[in-house]
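Read in order, the letters of the sequence shown correspond to residues 15 to 290 in the numbering used here.
Backbone N, C-alpha and C define an ideal beta-carbon position, used for all residues, glycine too.
I have placed the structure first, in the form of structure tokens, so that the comments after it can refer back to it.
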Amino acid sequence: MRPPSILILSDLHMGARPGQTPTASLLRPLWEGMDRLVLNGDVAELHHARCVDEAEAQARALVDACTEDGVQVCAIAGNHDPFISRLSRLSLRDDRVLVTHGHTIHRTEPRPLVSGQILEAGDERSMAAEHRLDRIGLDAALERSRELQPPPEEFDTPQNLLGSIGYGLSRPAVLLKIIRYWRNFPRWSVRYAGQVQPAAQVVIVGHSHRHGIWRIGSRLVVNTGSPTWPGRPWAVRLTGDELTVYRIIRSRAAWRLDSRPIRSVTLDSAAGVGVA
Numbered sequence: 015m016r017p018p019s020i021l022i023l024s025d026l027h028m029g030a031r032p033g034q035t036p037t038a039s040l041l042r043p044l045w046e047g048m049d050r051l052v053l054n055g056d057v058a059e060l061h062h063a064r065c066v067d068e069a070e071a072q073a074r075a076l077v078d079a080c081t082e083d084g085v086q087v088c089a090i091a092g093n094h095d096p097f098i099s100r101l102s103r104l105s106l107r108d109d110r111v112l113v114t115h116g117h118t119i120h121r122t123e124p125r126p127l128v129s130g131q132i133l134e135a136g137d138e139r140s141m142a143a144e145h146r147l148d149r150i151g152l153d154a155a156l157e158r159s160r161e162l163q164p165p166p167e168e169f170d171t172p173q174n175l176l177g178s179i180g181y182g183l184s185r186p187a188v189l190l191k192i193i194r195y196w197r198n199f200p201r202w203s204v205r206y207a208g209q210v211q212p213a214a215q216v217v218i219v220g221h222s223h224r225h226g227i228w229r230i231g232s233r234l235v236v237n238t239g240s241p242t243w244p245g246r247p248w249a250v251r252l253t254g255d256e257l258t259v260y261r262i263i264r265s266r267a268a269w270r271l272d273s274r275p276i277r278s279v280t281l282d283s284a285a286g287v288g289v290a
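Set out below in structure tokens:
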């Protein structure tokens, strides 16, 4: 039996900024022909009061659209939607692929950052069972999020290059901290994989919004970025043992995968990664 085809997205921040962050209807073409959709954290802007209503509406619309299309949804908790799921990480293709949002991997011992949060590890079996996100599960998660009130994070951050220059000049210490974080994030991702899933050949993360691909030792790190500044949204498709990274082409009518992949990887049955 063939393994399910999987699309992985992260950091959509639905409900945050109309016109910049996507609606469910814009995203729908991305999962066409896929069996499952993995939302790798921060799918909805649930940590900020002024965004919650629209974020919840778009999250429900996304799950409903996937249900209509016969696509199973699985969500991983992010720092902006910590109660949308109990998952902190997901193991795919017999532990060869590790998916995690990434907001705790800089710590030597990753742990929940929000009181009341429950974090678990999942795999391809559980993502179709106890970790599957259907409408009933989503409604329960959204209710829990409202009850426990995730702590607010800084919301009015720069949204373009000019704003970032001003932001950096006014807060040089913060800017240096961000640059160091970006520089170290791929290395932290590899260290995290070594701790929790040593067989991982590819580590897929989000959180930093800095899209990119890095090879560190025998592992490949893929950050799928974000539609919000300063990143660009990427997507990962997993079909059989082929892992392919795509740019997402945005338009007002629909978002689609670029016809030309950025990178294609063949997962090895042994240790290491083979690149096509």
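The continuous beta strand (DSSP E) containing residue 249 extends over residues 248–253. Contact between the stretch 27–43 and the stretch 267–279 is present: 3 or more CB-CB pairs across the two stretches fall below 8 Å.
The three-state secondary structure of residue 81, taken from DSSP, is helix. With respect to residue 30, residue 59 sits close: the two C-beta atoms are nearer than 7 Å. 7 Å or more divides the Cβ of residue 202 from the Cβ of residue 90. In this structure, the alpha-carbon of residue 88 lies about 31 Å from that of residue 193. Within the same chain, and ignoring the five residues on either side of residue 100 in sequence, the residues whose Cβ sits closer than 6 Å to its Cβ are 132 and 134.
If you draw a 10 Å sphere on the C-beta of residue 238, you find 16 or more other C-beta atoms in it, and that means buried.
For residue 89, the enclosing beta strand (DSSP E) covers residues 86–90. DSSP places residue 277 in the uninterrupted beta strand (DSSP E) bounded by 277–281.
The alpha-carbon of residue 219 is positioned some 17 Å away from that of residue 98. If you look at residue 102, you'll find it in the beta strand (DSSP E) that goes 101–106. Contact check for residue 209 against residue 112 fails: the beta carbons are separated by 7 Å or more. The beta carbons of residue 236 and residue 227 sit closer together than 7 Å. Straight across, the Cα-Cα distance linking residue 277 with residue 249 is about 11 Å. Inclusion of residue 85 and residue 51 in the CB contact set at 7 Å is warranted, their separation being smaller than that value. In this structure residue 275 touches residue 258 by the C-beta definition: roughly 5 Å separates them, less than 8 Å.
Boundaries of the beta strand (DSSP E) harbouring residue 112: 111–114, taken from the DSSP string.
In terms of Cβ geometry, residue 190 and residue 216 do not form a close pair [threshold 7 Å]. In the three-state reduction of the DSSP assignment, residue 93 falls in the coil class.
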